[in-house]
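A.B. asks:
Residue numbers (my numbering): 680 to 1222.
Put into C-alpha cells, the structure is as follows:
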C-alpha cells in the first residue's frame, strides 16, 4: 500500500504547475467591420483555459462603446487523450461615435489579446437592402392648416426574426399625436430581398402655425441571428438591434382671416339625421333627435359642438355628445353623435330651424357648410290634457237692458245691509281676527289624488299634466306648461328640472324633485289664497 501512494502524490505534484501555466493564448474578434452607427457588433474574446466569468475586465470599453449583454460559455474537448479547455466571452457593443474606434487589448494572468481597429460609418451610407433591419417614415402632406389632421406612418423592415422590440412615439412639440388603430403585419420585397414589415399609423394635429418638426422614431429590440462560431452546426443567438427613422418638416398655415365660425378643416363634412316625416307629436311629450356630424380626414378632438336652434315654446334637453375617430377604407373619419330631447309646451305648428356647420376645404381653399334642412312639425294638444272647468270658464249671462238696473239695485242694497250689520256687531262684541288665522294657517303638502298617483308611478309627463290641472283649479284659469312661468315661476322652474331629469339618459333620482314640487305647489296655493283675501271687498271693512 505504501508503494502505491508514492506515485499518486508524485503525479499530483507534477500536474499542479501545469495547471497554473495552462492559459497560453487570449484572442479577440468582431463579427463585422465596418459597422454602422447605432448598430451592435459582437465582440468575442476566447481564452484556452477554463476561467471564471469575472476573469475578463471589460470596463475599458465604456469610454467609446455602449456595452450590452455579455454571455460566457465554456467547452472541453478530449482528442487522443489530449484535453483542451476553452472559455469564451461574447460582448455586444454599440459605438458612440463615427470614425475609427479602438477596441483595447485585454489581459488575463499576464496573457494579452490583440487590439482591434473598428471602423464606424454613417447608417445612411449603407444601402437599405444590405441591412437586416431599417425604418421608413412618411407623412401625408408637407403642408397643412392649424387643426388639420396629418397621417404619419412608420414602417419597420425586418430580414431576421424579431424576438422583442420597442418602437418609440414620434417626438413633436406644438402638436397633438396619437396612434390610430393596431399595427399591421405584412411582407414586402425590397430589391429582391423579402422583409417582414410592421406598420404603425399616427395622427398629428398641429396647434400653431409655422414649421413643425417631426423627429424620427427609434426602434430598439432583439433579433435572432446565426452565431458566427457555430461551425458546421447552425445555431442562432439573440442580438440587440437599433434603428433610427428620418426626421420630417411640415409647414403649418394659420386659420384664414375670412373664415367665420368654429374652426374645422377636413376633406369632407356632412350632417345626418334619421328623421321621419308625418310623425304625430303631442304637447308635453318629448321629440328625440339623433344628429350625426361626420368629418373625413379629421380627428374627433377637432369637431365643434352642435348649435341647435329651437322655437320659443320648446325646451331642449341635450345629452353629452359622443365623439370618436375610426378608420374607413384607409382614411380617418371623425364622428360626433348628439341626442337631444325637445319638449313642446303647447300645441301648434312649429318649424325646427336648419342646422349649419361651417368647415374649411383645404383642397379648394374655401369655406363650406354642412346643413340639415328645417323640419316642419305639428303638435297636437296633450291627449290627457284637463278639460275646461265650465263652472269657472263659462261666462255669466248678461242681463237685458230692462232688467239690469233692478238687479244691480238689489245687489247693492243687500251688500249695504250686510255691511251695516257686521259693523254693528263689531261694536258690541270683541272681534277675533279669524281671517288672519285662516290666512296664516300652514298649508298641507298632500297632493291631489291624480298628482299623487302620477308621482307614485314616477311618470313625469303625467305629473306635469296633473300639475297644470292643479294650478288651473287654484287660479280658475286654463293654462299650458309654457304659461306656467308667468303665473308661478317657482313651479315652472321645478317642472323644468323634472323634465330635464326625465328626458336625460343619465339616471336621476326624481323623488326629491317631486317633494320640492309638492312644497312649491302648497306655497303657491297659500300665496294665491292670500292674494284673493286681500282683494276681497269685505276685508277692507274690518275696523
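Glycine included, C-beta positions come from ideal geometry on N, C-alpha and C. Computed from a predicted structure; not experimentally measured.
With distances taken Cα to Cα, identify the nearest neighbour of residue 1054 among 1021, 1025 and 1060.
C.D. replies: 1021
A.B. asks: Residues bridged to residue 1173 by DSSP?
C.D. replies: In DSSP, residue 1173 forms no bridge with anything.
A.B. asks: In chain order, what residues of the same chain have a beta carbon less than 8 Å from the beta carbon of residue 1052, not counting five sequence neighbours either side?
C.D. replies: Here the set comprises 1033.
A.B. asks: For chain C, check one thing: does any of its Cβ atoms lie closer than 9 Å to the Cβ of residue 811?
C.D. replies: The structure shown contains no chain C; it holds only a single protein chain.
A.B. asks: Once you ignore the five residues that flank residue 1256 on each side, which residues in its own chain have a CB closer than 6 Å to its CB?
C.D. replies: Summary: the structure shown does not reach residue 1256, with the chain confined to residues 680 through 1222, and so no result is reported for it.
A.B. asks: Can you give the Cα-Cα distance for residue 1200 and residue 990, rounded to whole angstroms?
C.D. replies: Computed Cα separation, rounded: 28 Å.
A.B. asks: Within 10 angstroms of the Cβ of residue 1050, are there 16 or more other Cβ atoms? Answer buried if so, exposed if not.
C.D. replies: It is exposed - the Cβ of residue 1050 has fewer than 16 other Cβ atoms within 10 Å.
A.B. asks: At what residues does the alpha helix (DSSP H) containing residue 1149 begin and finish?
C.D. replies: 1139-1154
A.B. asks: Would you identify the three-state DSSP class for residue 847, choosing helix, strand or coil?
C.D. replies: coil
A.B. asks: Is it right to say residue 1019 is buried, meaning 16 or more other beta carbons lie within 10 angstroms of its own, or is it exposed?
C.D. replies: buried
A.B. asks: Rounding to the nearest angstrom, what Cα-Cα distance links residue 959 and residue 996 in this structure?
C.D. replies: 20 Å
A.B. asks: Which two residues bound the contiguous beta strand (DSSP E) that contains residue 917?
C.D. replies: Annotation for residue 917: the continuous beta strand (DSSP E) segment containing it runs 915-923.
A.B. asks: With distances taken from CA atoms, which of 762, 878 and 763 is nearest residue 1225?
C.D. replies: Nothing can be reported for residue 1225, as the shown portion of the chain is limited to 680 through 1222.
A.B. asks: State the start and end residues of the unbroken alpha helix (DSSP H) segment that holds residue 1053.
C.D. replies: No alpha helix (DSSP H) contains residue 1053, which DSSP labels as neither H nor E.
A.B. asks: What separation, rounded to the nearest whole angstrom, lies between the Cα atoms of residue 843 and residue 711?
C.D. replies: Approximately 23 Å between the Cα atoms of the pair.
A.B. asks: Who are the near neighbours of residue 953 in its chain, counting only those whose CB is closer than 7 Å to its CB and skipping five residues on each side?
C.D. replies: For residue 953, where only same-chain residues beyond five positions count, the Cβ hits under 7 Å are 969.
A.B. asks: Work out the CA separation of residue 1202 and residue 1133 for me, nearest whole Å.
C.D. replies: 20 Å
A.B. asks: With DSSP collapsed to three states, give me the class of residue 1191.
C.D. replies: helix
A.B. asks: From residue 841 to residue 738, what distance separates their C-alpha atoms?
C.D. replies: 30 Å
A.B. asks: I'd like the span of the beta strand (DSSP E) that includes residue 1166, first residue to last.
C.D. replies: Taken as a continuous stretch (DSSP letters only), residue 1166 belongs to no beta strand (DSSP E), being part of the alpha helix (DSSP H) at 1163-1166.
A.B. asks: Around the C-beta of residue 1188, are 16 or more other C-beta atoms found within 10 angstroms, so that it is buried, or is it exposed?
C.D. replies: exposed
A.B. asks: Assuming residue 1236 and residue 764 form a contact by the criterion Cβ under 8 Å, report the distance between their Cβ atoms to the nearest whole angstrom.
C.D. replies: The question about residue 1236 has no answer, for the chain in this structure spans 680 to 1222.
A.B. asks: Under 9 Å, do residue 973 and residue 1014 count as touching if we go by C-beta distance?
C.D. replies: yes
A.B. asks: So is residue 1211 buried or exposed if we call it buried at 16+ other beta carbons inside 10 Å?
C.D. replies: exposed
A.B. asks: Taking the alpha-carbon positions, what's the residue 1010 to residue 923 distance?
C.D. replies: 27 Å
A.B. asks: Have a look at residue 1102 and residue 1170 and give me their C-alpha separation to the nearest angstrom.
C.D. replies: Since pLDDT at residue 1102 reaches only 47, below the 50 mark, its modelled position is unreliable, and no value is offered.
A.B. asks: Measure the Cβ-Cβ separation of residue 838 and residue 812 and say whether it is below 9 Å.
C.D. replies: yes
A.B. asks: Would you say residue 856 and residue 824 are within 9 Å of each other, going by their C-beta atoms?
C.D. replies: no
A.B. asks: Between the Cα of residue 1062 and the Cα atoms of 1197, 1140 and 949, which residue gives the shortest distance?
C.D. replies: Nearest C-alpha to residue 1062: 1140.
A.B. asks: Going by beta carbon distance, what residues of the same chain come within less than 8 Å of residue 1174, once the five residues before and after it are set aside?
C.D. replies: 1143, 1146, 1160, 1163 and 1196
A.B. asks: What's the gap between the Cα of residue 1017 and the Cα of residue 998?
C.D. replies: 7 Å
A.B. asks: I want to know whether the stretch 922-938 touches the stretch 858-873 - three or more CB-CB distances under 8 Å.
C.D. replies: no
A.B. asks: Residues bridged to residue 865 by DSSP?
C.D. replies: 876
A.B. asks: Report buried or exposed for residue 883, applying the criterion of at least 16 other Cβ atoms within 10 angstroms of its Cβ.
C.D. replies: buried
A.B. asks: Does DSSP classify residue 987 as helix, strand or coil?
C.D. replies: coil
A.B. asks: With a 10 Å radius around its C-beta and 16 neighbouring C-beta atoms as the bar for buried, classify residue 984 as buried or exposed.
C.D. replies: exposed
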